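Student: I have a structure I would like to understand better, so I am pasting it below and will then ask my questions one at a time.
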Amino acid sequence: MIKLLNKLFVKKNIINNETDIIHSKHFCILPWIHTHLLPSGDVLPCCVSDFNDPYANVNKTTLQKAWNSSKYKIMRKLMLLDRPVYSCNKCYELEESGIETMRKRMNQSFKHHAPILSKTKQDGSYDQLKMKYLDIRFSNICNFKCRGCSPALSTKWYEDHQKLWNFTSSHPKLINVVASNPNLWMEIEEQLDELEVAYFAGGEPLIMDEHYQCLEYFIKNNKTDIALQYNTNLSVLQFKKYNLVEMWKHFKKVNLSISLDDIQARGEYFRSGFNWETFLLNIEKIKNELPHISLQINCTISIFNIHRIPEIHSFLYGKKYINEFGFIFNTLQDPSEYRSQVLTPKLKTLTKLKLESYAKSLNESYPNTDWGFFKNSLNHQIQFMMQTNMDFRLNDFKKQTNRLDEIRSENFKNTYPELVSLLQS
0 MIKLLNKLFV
10 KKNIINNETD
20 IIHSKHFCIL
30 PWIHTHLLPS
40 GDVLPCCVSD
50 FNDPYANVNK
60 TTLQKAWNSS
70 KYKIMRKLML
80 LDRPVYSCNK
90 CYELEESGIE
100 TMRKRMNQSF
110 KHHAPILSKT
120 KQDGSYDQLK
130 MKYLDIRFSN
140 ICNFKCRGCS
150 PALSTKWYED
160 HQKLWNFTSS
170 HPKLINVVAS
180 NPNLWMEIEE
190 QLDELEVAYF
200 AGGEPLIMDE
210 HYQCLEYFIK
220 NNKTDIALQY
230 NTNLSVLQFK
240 KYNLVEMWKH
250 FKKVNLSISL
260 DDIQARGEYF
270 RSGFNWETFL
280 LNIEKIKNEL
290 PHISLQINCT
300 ISIFNIHRIP
310 EIHSFLYGKK
320 YINEFGFIFN
330 TLQDPSEYRS
340 QVLTPKLKTL
350 TKLKLESYAK
360 SLNESYPNTD
370 WGFFKNSLNH
380 QIQFMMQTNM
390 DFRLNDFKKQ
400 TNRLDEIRSE
410 NFKNTYPELV
420 SLLQS
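If you use numbering that gives the first Met the number 0, the sequence shown corresponds to residues 0 to 424, in order.
So this is what it looks like as structure tokens:
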């Protein structure tokens with residue numbers, strides 16, 4: 000291994016400038032401008048990297064030392080050689096279907112930092128921990144228990160997870176990376192002045208104290224030119240003493256990516272805790288009182304809803320909650336039994352025809368609208384669904400769905416009558 004690494008480290012870098020970054024196959028800028036923390040304290044290169052492959056843990060070391068752990072150094076060197084990194088397999092897999100990935104988005108957004116790459120040492124270490132992009136999952140607190148989630152990112156999932164898998168957890172229900180490591184907040188605060196983008200997700204960030212502490216810091220220190228980005232269920236706009244609408248008025252750039260995987264009863268089923276009426280009230284308040292805010296719907300596409308895209312999109316667009324660029328597809332990869340690829344061949348064919356028909360109808364219904372982005376994204380979801388046959392996971396899907404229905408007193412068959420065959424096949 001040492002000999003192999005020595006050979007790797009003496010190779011000449013092939014990623015050196017903005018052009019190299021944009022045209023790279025495996026390179027990602029994030030290991031130079033960002034590090035991701037989970038509520039457990041695990042350090043990862045980003046939020047979509049493999050959770051089972053942590054690079055360090057801030058409960059055992061400092062953020063600064065984690066920044067140059069052996070894994071981080073190897074990763075940077077591989078990146079500069081445009082070689083694949085195991086932790087990044089999710090992006091690579093999605094890119095095979097032409098889906099826009101975290102890697103590509105970050106490279107595009109932060110390519111102007113290309114000059115710092117030359118400061119990387121031969122062994123892959125990089126001394127300057129100056130984050131430009133913040134994404135720290137302070138805790139796993141959440142008021143929803145979405146079927147595609149787990150206790151790692153939702154406290155509401157805790158009891159159901161134990162019932163589902165018939166075990167008693169030795170881990171606490173609430174995990175908070177700052178509460179378990181008081182010195183960490185000082186390290187985080189040192190990074191806030193350098194940021195260009197602060198991204199808040201969860202759990203549910205709008206019920207996290209640390210999120211509001213960051214906003215207070217930005218307001219107090221005149222950092223209101225920072226871009227705020229969110230992935231939120233938008234279930235609350237008032238938390239403790241904080242009026243979020245009033246706080247957001249201080250910031251010029253606020254982008255809300257609202258998690259919504261279906262509308263009405265189907266939305267409430269998949270995202271247990273979601274209330275359709277509350278959602279409508281809150282989104283109307285945002286549209287009326289904060290017109291400067293950029294709003295998008297982040298729809299996680301799975302076996303439950305890929306066939307429902309026309310109904311979801313047409314409602315949101317018809318209500319003018321989103322524009323033609325405001326529907327973002329998030330491809331569910333885990334748990335794998337919920338992938339759209341698990342649908343039976345017959346249902347896949349019917350879904351493909353339905354989605355293609357909807358795409359064509361948009362040009363007829365809205366002839367002066369540019370639907371290129373939406374149609375391209377939709378086509379990538381079709382490609383991903385058809386890419387591989389995973390209906391061998393249907394038995395796992397049935398077991399998990401039936402057991403959660405029992406635990407939560409919910410009913411898949413009543414909610415999705417068009418998918419009843421999935422529980423019968």
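Ideal placement from N, C-alpha and C gives every residue a C-beta, glycine not left out.
No experiment lies behind these values; they were computed from the predicted model shown.
#1: Can you list, in chain order, the residues of its chain whose CB lies under 6 Å from that of residue 252, leaving out five sequence neighbours each side?
#2: Taking the alpha helix (DSSP H) that residue 71 belongs to, which residues open and close that run?
#3: Take residue 325 and list the residues in its own chain whose beta-carbon comes closer than 7 Å to its own, dropping the five residues that flank it on each side.
#4: Sort 411, 315, 117 by Cα distance to residue 265 and report the nearest one.
#5: Residue 212 to residue 337, Cα distance in whole Å?
#6: Can you tell me which of 130, 313, 335, 113 puts its alpha carbon nearest to the alpha carbon of residue 365?
#7: Should residue 272 and residue 155 be called a contact, given that it needs their Cβ atoms to be closer than 8 Å?
#8: Tell whether a beta-carbon distance below 8 Å holds between residue 425 and residue 308.
#9: Please state whether the Cβ-Cβ distance between residue 79 and residue 119 is less than 8 Å.
#10: Going straight from the alpha carbon of residue 256 to that of residue 228, what length do you get?
#11: Using only CA atoms, which one of 67, 113, 98 lies nearest to residue 19?
#12: Under 8 Å between the Cβ atoms of residue 390 and residue 350?
#13: In whole angstroms, what is the alpha-carbon distance linking residue 425 and residue 355?
#14: Please classify residue 166 as buried or exposed, where buried requires at least 16 neighbouring CB atoms within 10 angstroms.
#15: Would you tell me roughly how many angstroms separate the C-alpha atoms of residue 0 and residue 146, rounded to the nearest one?
#16: What's the gap between the Cα of residue 61 and the Cα of residue 33?
#17: Ends of the beta strand (DSSP E) at residue 231?
#18: For residue 17, which of helix, strand or coil comes out of DSSP?
#19: Mind checking whether residue 151 and residue 142 have CB atoms under 8 Å apart?
#20: Can you check the region 305 to 392 for any alpha helix (DSSP H) of at least 4 residues that lies completely inside it and give the ranges in chain order?
#21: For residue 498, report the span of its beta strand (DSSP E) as first-last.
#22: Do residue 385 and residue 353 count as a contact pair if the criterion is CB distance below 8 Å?
#23: How close, in whole Å, do the beta carbons of residue 177 and residue 137 come, if the pair is a contact with beta carbons under 8 Å?
Tutor: For this structure:
#1: Numbered from its first residue, the sequence shown carries residue 252 at position 253. Closer than 6 Å at Cβ, skipping near neighbours: 226.
#2: Looking up residue 71 in the sequence shown gives position 72. Element bounds for residue 71: 69 to 79.
#3: By 1-based counting over the sequence shown, the position of residue 325 is 326. Counting only Cβ-Cβ distances below 7 Å, and skipping sequence neighbours, we find 294, 295, 296.
#4: The count along the sequence shown starts at 1 and reaches residue 265 at position 266. Nearest of 411, 315, 117 to residue 265, Cα basis: 411.
#5: In the sequence shown, counting from the first residue as 1, residue 212 sits at position 213. In the sequence shown, counting from the first residue as 1, residue 337 sits at position 338. Rounded to whole angstroms, residue 212 to residue 337 spans 36 Å at the Cα level.
#6: Counting from 1 along the sequence shown, the entry for residue 365 is found at position 366. That would be 313, whose Cα lies nearest to the Cα of residue 365.
#7: The residue labelled residue 272 in the question sits at position 273 within the sequence shown. The residue labelled residue 155 in the question sits at position 156 within the sequence shown. Going by C-beta atoms, residue 272 is nearer than 8 Å to residue 155.
#8: An answer regarding residue 425 cannot be provided, because it is not within the stretch 0 to 424 covered by the chain.
#9: Here residue 79 refers to the residue found at position 80 of the sequence shown. Here residue 119 refers to the residue found at position 120 of the sequence shown. Yes, Cβ-Cβ distance for residue 79 and residue 119 is below 8 Å.
#10: Against the sequence shown, residue 256 aligns to sequence position 257. Against the sequence shown, residue 228 aligns to sequence position 229. Their Cα atoms are separated by approximately 7 Å.
#11: Sequence index remark: in the sequence shown, residue 19 carries index 20 (1-based). Selected option, being the one with the closest Cα: 113.
#12: Position 391 of the sequence shown holds residue 390. Position 351 of the sequence shown holds residue 350. No, the Cβ-Cβ distance between residue 390 and residue 350 is not below 8 Å.
#13: Outside the shown range of the chain (0 to 424) lies residue 425, about which nothing can therefore be said.
#14: Along the sequence shown, one-based indexing puts residue 166 at 167. So residue 166 counts as exposed.
#15: The residue given as residue 0 occupies position 1 in the sequence shown. The residue given as residue 146 occupies position 147 in the sequence shown. In this prediction, residue 0 scores a pLDDT of 47, lower than 50, which makes its location untrustworthy; no coordinate-derived value is stated.
#16: As a position in the sequence shown, residue 61 is number 62, starting the count at 1. As a position in the sequence shown, residue 33 is number 34, starting the count at 1. The alpha-carbon atoms of residue 61 and residue 33 are separated by roughly 15 Å.
#17: In the sequence shown, counting from the first residue as 1, residue 231 sits at position 232. Element bounds for residue 231: 226 to 231.
#18: Sequence index remark: in the sequence shown, residue 17 carries index 18 (1-based). It is helical.
#19: Along the sequence shown, read from residue 1 onward, the residue named residue 151 stands at position 152. Along the sequence shown, read from residue 1 onward, the residue named residue 142 stands at position 143. Going by C-beta atoms, residue 151 is not nearer than 8 Å to residue 142.
#20: 308 to 317, 344 to 364, 371 to 386
#21: Residue coverage of the chain in this structure runs from 0 to 424, which leaves residue 498 outside it and unanswerable.
#22: Start at 1 with the first residue of the sequence shown, and residue 353 comes out as number 354. Start at 1 with the first residue of the sequence shown, and residue 385 comes out as number 386. No.
#23: Residue 177 sits at position 178 when you count from the first residue of the sequence shown. Residue 137 sits at position 138 when you count from the first residue of the sequence shown. So it is a contact: roughly 6 Å between Cβ atoms.
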